[in-house]
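Participant: First to last, the sequence lines map onto chains E and H.
With numbering that gives the first Met the number 0, letter number 56 in the first sequence gets 55, and the count goes up by one each step, no holes.
With numbering that gives the first Met the number 0, letter number 56 in the second sequence gets 55, and the count goes up by one each step, no holes.
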Amino acid sequence: MDPESFLLRAATPEDLPAFERIAAASAHGITTLPADPAALLDRLQRSQAAFTSPDDASGEEIHLFVLEDLAQRRIVGTSGIAASAGFADRFYAYRNEMVVHASAALGASNRIHTLQLCHDLTGHTLLTSFYIEPDYEHTLAPQLLSRARLLYIAEHAARFSDRIAAESPGLADDQGRCPFWDAVGRRFFGMDYPEAERLTGARNKAFIAELMPQAPVYVPLLPEAAQWAIGQLHPVAELPFSILLDEGFDTETYVDIFDGGPIVDARLAMLRSVAASRAAVLDPAEAGGGALHLVATTARAGFRALLCPATPQAGRVALPPGAAARLGAHAGDRLRLAPLDAPRTGDAA
Amino acid sequence: MNEDRFFASADGSATLRLRPAVGLQQPRWWYHVGQAVHAAPALGILHRQATLQLGNDLTGAGELAGLHWDREQPPARQREVLAELLQAALAAAREQPAAYGGRLLVELPGVRDAAGRSPFWQGLGRHFYGVDPAEALRQHGPGWREQVAALLPRHRVYTGFLPEAAQAAIGAVDPAAEPWYAVLRDAGAHPADQVDICDGGPVWLLDVR
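1. Using the C-alpha atoms, what's the distance from H:Arg70 back to H:Ala213?
2. With 16 as the cutoff for other CB atoms within 10 Å, does E:Glu237 come out buried or exposed?
3. What residue range is occupied by the uninterrupted alpha helix (DSSP H) comprising H:Gln77?
4. By how many angstroms is the C-alpha of H:Ala135 removed from the C-alpha of H:Pro141?
5. Does any residue of chain H have a CB that is nearer than 8 Å to the CB of E:Pro212?
6. Closest Cβ-Cβ distance between H:Val36 and chain E: below 8 Å?
7. Since H:Val156 and H:Leu51 are thought to touch, with beta carbons under 8 Å apart, how far apart are those beta carbons, to the nearest angstrom?
8. Got a sec: is the Cβ-Cβ distance from H:His31 to anything in chain E below 8 Å?
9. What are the residues of the region 46-77 of chain H that lie near chain E, defined by any Cβ-Cβ distance shorter than 7 Å?
10. Specify, as a first and last residue, the run of the alpha helix (DSSP H) that H:Pro190 falls within.
11. List, in order along the chain, the chain H residues whose C-beta lies closer than 9 Å to that of E:His100?
12. Taking E:Ile262 and E:Glu166 to be in contact with their CB atoms under 8 Å, please state how far apart those CB atoms are, rounded to whole angstroms.
13. Just tell me which of H:Pro19, H:Pro190, H:Leu205, H:Val202 has its CA closest to the CA of H:Ala97.
14. Please list the partners that E:Leu198 has in chain H, where partner means a Cβ-to-Cβ separation under 7 Å.
15. In chain H, what lies closer than 9 Å to E:Gly189 by C-beta?
16. Go ahead and pull the three-state DSSP assignment for E:Ser108.
17. Name the two residues that bound the continuous beta strand (DSSP E) containing H:Trp68.
18. Classify E:Ala347 as buried or exposed, calling it buried when 16 or more other Cβ atoms lie within 10 Å of its own Cβ.
19. For the beta strand (DSSP E) that contains E:Ser128, what are its first and last residues?
20. Residues in the region 104-121 of chain E with C-beta within 8 Å of chain H's C-beta atoms, listed in sequence order?
21. Report yes or no: is there a C-beta of chain H within less than 8 Å of the C-beta of E:Arg186?
22. Can you tell me which residues form a DSSP beta bridge with E:Cys177?
23. Identify whether E:Pro2 lies in helix, strand or coil by the three-state DSSP scheme.
24. Considering only C-alpha positions, which residue in the set E:Pro338, E:Cys177, E:Asp14 is nearest to E:Glu246?
25. Which word fits H:Glu62, buried or exposed, when buried means at least 16 other C-beta atoms lie within 10 angstroms of its C-beta?
26. With a threshold of 8 Å between beta carbons, is E:Glu136 in contact with chain H?
27. How far does the beta strand (DSSP E) with H:Trp29 in it reach, from first residue to last?
28. With burial defined as no fewer than 16 other Cβ atoms inside 10 Å of the residue's Cβ, what is the status of E:Ala201: buried or exposed?
29. Using a threshold of 8 Å, state whether the C-beta atoms of H:Val207 and H:Ala92 are closer than that.
30. Buried or exposed: where does H:Arg184 fall if 16 or more other Cβ atoms within 10 Å of its Cβ makes it buried?
31. Using a C-beta to C-beta distance shorter than 7 Å, which residues of chain E count as neighbours of H:Trp143?
32. Does any residue of chain H have a CB that is nearer than 8 Å to the CB of E:Ala201?
33. Excluding the 5 residues preceding and the 5 following E:His118 in the sequence, name in chain order all residues of the same chain whose CB lies nearer than 7 Å to its CB.
34. Which bits of chain E does H:Gln146 rub up against, with CB to CB less than 8 Å?
35. Among E:Asp54, E:Tyr151, E:Ala225, E:Ile111, which residue has its Cα nearest to the Cα of E:Arg303?
36. DSSP beta-bridge partners for H:Cys197?
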């Protein structure tokens, strides 16, 4: 598939049918999209307001994006940003901590893995709602879908945290049975994970976490299946997770308090696409050639991004024929670009 | 006066040691057995769960320790001998209640499985110190029990994380100690909500004010 046929744009309430289709297609717990059409529409309206409101950011904003295959004239993926995790409340996570218990008299020293309930990620900006149709998993569409969000955040940094996090679903079977939940959450809830989620509303963590133990969980006391599930990814999340990994997110520190799935986090400025991104003014002339770039508009309203060859130089860039039109951009507009194959942060020059 | 005193029954079949204020030279450790309640009234959820908290709560109390008695005698005779010993030790302690912090603790042996292993240790301790208690005793002497606390969980342990056999062993007494247990109860001893860090056996307290 031609990477130039993909267009990422801000979602609008008119995209509701596509969101309903995607929410129904995504397995349990895989996206953060609600299945209920009214709730979806509410999200889309809130997202539209976030892209268009002249007000200063409050942290409550959610931003939803859609990926269109222009050749097929259909929406094939979604992604999102929540401006502030746990807005107006707390965002709970388990932090992996190692404590060393030592006795010189017994000649023993053990590293003990514990999980500490924490609010560290409260207020971090969250990447959410990633979904790509299976037929597009092996194209460049997921790169555009996931990483264009980072260009948006970088451009409007004042509206977001400088710390970014993303949740990924942990190990669970088709019935929603989850070894980590069975060993930890179930002991305090006495119910199945899907039932707990349904009872408390999708991922209303602050409410659920009141029931969870405040003392650290001593991992050696958990059954092996639960120990193994800590930080393990549900197979369906491998693609979006690998993109975040390549961006330079840290995967070691936090896990979800319910299913034990990894929660990655990073400083925005350290992420590969952000560190390599440049602002450039659009030239009136069209040009071909250059490495593939993520190219994004810089206005909040009508945000768009695509993939095309470009060679930004001295703060200016020319795009191939048709690209500017697909972005809805005009000569003189300010764009933000990042090379698709940006160098990893910290790589030797 | 602040030294261990030893008692023997008149027939010589039982001995007992009375120790003043414990844990002042070398810290002594027990698990406090507490409770945690997690509630979400809107969901109709209220969970109670026993917890274990490592601590030194009984530091400063006196202790009745080193008990040996002839278990071949008839049970009634065993109880007579043990009661005689206990009364002698209590009378001595009451002469100097301050030296014993006004109370005496008694550690009762915890339960074992058919193989002689402690299900409490199997469920909790061994995850933090991989040496079998019998082997640890052989290698390091009786003092290993004080040392092993440095390896055990410092934060509250929710007992729901332990296997059922280990949970059942918390505060349970080895049936072989029943005569002694009965004598203590008759003398007005009461449980301290503390258990042994190795086998989960309960600690009982006797007031000596």
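The beta-carbon is built from N, C-alpha and C at its ideal position, and this holds for glycine as well.
Facilitator: So, from the listed chains and residues:
1. Nothing about residue 213 of chain H can be read from this structure; chain H reaches only from 0 to 208.
2. The residue given as residue 237 of chain E occupies position 238 in the first sequence. Exposed, by the Cβ-count rule.
3. Looking up residue 77 of chain H in the second sequence gives position 78. H:Gln77 -> alpha helix (DSSP H) spans 74-94.
4. Numbered from 1 along the second sequence, position 142 holds the residue referred to as residue 141 of chain H. Numbered from 1 along the second sequence, position 136 holds the residue referred to as residue 135 of chain H. So the two alpha carbons sit approximately 9 Å from each other.
5. Counting from one through the first sequence, the residue named residue 212 of chain E turns up at place 213. Chain H contact via Cβ: present.
6. The residue given as residue 36 of chain H occupies position 37 in the second sequence. No, no contact with chain E.
7. Indexing the second sequence from 1 puts residue 156 of chain H at position 157. Indexing the second sequence from 1 puts residue 51 of chain H at position 52. H:Val156 to H:Leu51, Cβ: 4 Å. Contact.
8. Within the second sequence, residue 31 of chain H is the residue found at index 32, counting from 1. Answer no: the Cβ-Cβ gap between H:His31 and chain E never drops below 8 Å.
9. So the close ones are His46.
10. In the second sequence, the residue the question calls residue 190 of chain H occupies position 191. For H:Pro190, there is no enclosing alpha helix (DSSP H); the enclosing beta strand (DSSP E) has its first and last residue at 189-194.
11. The count along the first sequence starts at 1 and reaches residue 100 of chain E at position 101. Simply Phe127, Tyr128, Ala149, Leu150, Leu151, Pro152, Arg153.
12. Within the first sequence, numbered from 1, the residue matching residue 262 of chain E stands at position 263. Within the first sequence, numbered from 1, the residue matching residue 166 of chain E stands at position 167. The Cβ separation is near 5 Å, so the contact holds.
13. Taking the second sequence and counting its residues from 1, the one referred to as residue 97 of chain H is at position 98. Of H:Pro19, H:Pro190, H:Leu205, H:Val202, the residue nearest in Cα terms is H:Pro19.
14. Working through the first sequence from its first residue, we reach residue 198 of chain E at position 199. Within chain H, the residues near E:Leu198 are Leu42.
15. By 1-based counting over the first sequence, the position of residue 189 of chain E is 190. The contacting residues are Ile44, His46.
16. What you label residue 108 of chain E is simply residue 109 of the first sequence in a count that begins at 1. Three-state DSSP puts E:Ser108 in a strand.
17. As a working mapping, residue 68 of chain H is identified with position 69 in the second sequence. Where H:Trp68 is concerned, the enclosing beta strand (DSSP E) stretches over 61-68.
18. Position 348 of the first sequence, counted from the start, is the residue given in the question as residue 347 of chain E. Confidence is the limiting factor: at E:Ala347 the pLDDT is only 42, short of 50, which leaves the residue's position unreliable and the question unanswerable from this model.
19. Mapped onto the first sequence, residue 128 of chain E falls at position 129. Element bounds for E:Ser128: 124-131.
20. Ala104, Leu105, Ala107, Asn109, Ile111, Thr113
21. Within the first sequence, the letter at position 187 stands for residue 186 of chain E. For E:Arg186, the answer is yes, since a Cβ of chain H falls inside 8 Å of its Cβ.
22. By 1-based counting over the first sequence, the position of residue 177 of chain E is 178. None; E:Cys177 has no bridge partner.
23. Locating residue 2 of chain E in the first sequence gives position 3, where the first residue counts as 1. Helix, per DSSP.
24. Locating residue 246 of chain E in the first sequence gives position 247, where the first residue counts as 1. Out of E:Pro338, E:Cys177, E:Asp14, E:Pro338 has the C-alpha closest to the C-alpha of E:Glu246.
25. Translated into positions along the second sequence, residue 62 of chain H becomes position 63. The residue is buried, with at least 16 neighbouring Cβ atoms inside 10 Å.
26. Numbered from its first residue, the first sequence carries residue 136 of chain E at position 137. It does not; no Cβ of chain H falls within 8 Å.
27. In the second sequence, the residue the question calls residue 29 of chain H occupies position 30. Residues 29-39.
28. On the first sequence, residue 201 of chain E is found 202 positions in, with the first residue counted as 1. Reliability fails at E:Ala201, whose pLDDT of 48 lies under 50, so the model's placement of it is uncertain and no value is given.
29. Within the second sequence, numbered from 1, the residue matching residue 207 of chain H stands at position 208. Within the second sequence, numbered from 1, the residue matching residue 92 of chain H stands at position 93. In contact: H:Val207 and H:Ala92 (Cβ atoms closer than 8 Å).
30. Taking the first residue of the second sequence as 1, we reach residue 184 of chain H at position 185. The residue is exposed, with fewer than 16 neighbouring Cβ atoms inside 10 Å.
31. In the second sequence, counting from the first residue as 1, residue 143 of chain H sits at position 144. In chain order: Leu105.
32. Here residue 201 of chain E is taken as the residue at index 202 of the first sequence, counted from 1. A caution first: E:Ala201 carries a pLDDT of 48, below 50, which makes its placement in the model unreliable, though a value can still be read off. No, no contact with chain H.
33. Locating residue 118 of chain E in the first sequence gives position 119, where the first residue counts as 1. Answer for E:His118: Arg89, Phe90, Tyr91, listed in chain order.
34. Translated into the one-based positions of the second sequence, residue 146 of chain H becomes position 147. Simply Ser102, Ala104, Leu105.
35. Mapped onto the first sequence, residue 303 of chain E falls at position 304. It is E:Tyr151.
36. Position 198 of the second sequence holds residue 197 of chain H. DSSP, once it has assigned bridges, lists no residue as partnering H:Cys197.
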